[in-house]
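Asks: First, the structure itself, so that you have it in front of you.
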Amino acid sequence: MLYIVPTPIGNLEDITLRALRVLREEVSVILAEDTRTTRHLLERYDIRTPLRAFHAHNEHAAVDKIVAELAAGATMALVSDAGTPGISDPGFLLVRACRQAGVRVECLPGPTAFVPALVASGVPCDRFHFEGFLPHKKGRQTRLRYLAALPHTFVLYESPHRLLRCLTELTEVCGPGRMACVARELTKVFEEVRTAPLGELLAAFSQREVKGEMVIVVAGREE
Ligand code: SAM
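See the structure below:
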């Protein structure tokens, strides 16, 4: 069987007791996006289960062999560098292949960046669209226009060096008065959750260097 195991997005205490037990006792191999990152987490909890690389560059080639091992009786866990595998991270291809092969898959509930960003933002969270990363070039404007027209909140993942470009484009398509939030460095020492109209966020973040990981939450057209 395959366990999908969410891991902390910053604060290493954000891991469930069950996740630790599965990683420590239930599986023979942990498939990891970056084995060095995961080793750091495992060392913190004194877990010695062997690691194997499984990332965006080898997942297509690796899936068949892994599914064959699982179908033959192995039990493995899949983790990503942070948060929940499959959410803007590798995972979907393996889960689909497991389901097609009749291999049991269980996803443990746990950390993911967009939920705390959305809930802490103060932007309506009763209905929302998760977009993840926008395409960098082709299709970006089409996607932005689609998002701007949504009647409910939408959520983006963004890297710090593209934040200003993203806020500029969002201000253009949604208007400067649309409420939004930049949630930065969640669960870490310098966590910042800033909610304001897009025009104000753009002005504020234009005046300083922005570091760290971030989620952008934007209110829907009708809010
Ligand atoms: N699988 C992860 C999840 O479940 O959220 C997402 C992985 S994706 C490759 C990485 C992106 O998640 C970052 O660029 C950022 O947008 C967001 N992210 C991850 N950790 C974060 C944090 N501590 N604070 C804010 N955003 C974070």
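If you use this note's numbering, the sequence shown corresponds to residues 24 to 246, in order. Think of the CB as a built atom: it goes at the ideal place given N, C-alpha and C, for glycine as much as any other residue.
1. Please report the distance separating the alpha-carbon of R75 from that of P132.
2. Can you say whether Y68 is buried or exposed, counting buried as having 16 or more other CB atoms within 10 angstroms of its CB?
3. Between the stretch 189-202 and the stretch 120-128, do three or more beta carbon pairs fall short of 8 Å?
4. Applying the criterion that 16 or more other CB atoms from any shown protein chain within 10 Å of the CB defines a buried residue, is L35 buried or exposed?
5. Relative to the ligand SAM, is the shortest distance from any of its heavy atoms to the C-beta of A105 smaller than 7 Å?
6. Can you tell me whether P183 is helix, strand or coil according to DSSP?
7. Using the three-state DSSP reduction, which class does E82 fall into: helix, strand or coil?
8. Output the distance between the C-alpha atoms of G222 and K211, rounded to the nearest integer angstrom.
9. Using only the alpha-carbon positions, how far apart do V241 and P31 sit?
10. Below 7 Å, is the gap between the Cβ of M202 and the nearest heavy atom of the ligand SAM?
11. Can you find the residues in the same chain that come closer than 6 Å, C-beta to C-beta, to D57, ignoring five residues on each side of it along the sequence?
12. Using a threshold of 7 Å, is the CB atom of S111 nearer than that to any non-hydrogen atom of the ligand SAM?
13. Three Cβ pairs or more, each shorter than 8 Å: is that satisfied between the stretch 223-243 and the stretch 58-67?
Replies: Well, looking at it:
1. 22 Å
2. exposed
3. no
4. exposed
5. yes
6. helix
7. helix
8. 26 Å
9. 24 Å
10. no
11. D104
12. yes
13. no
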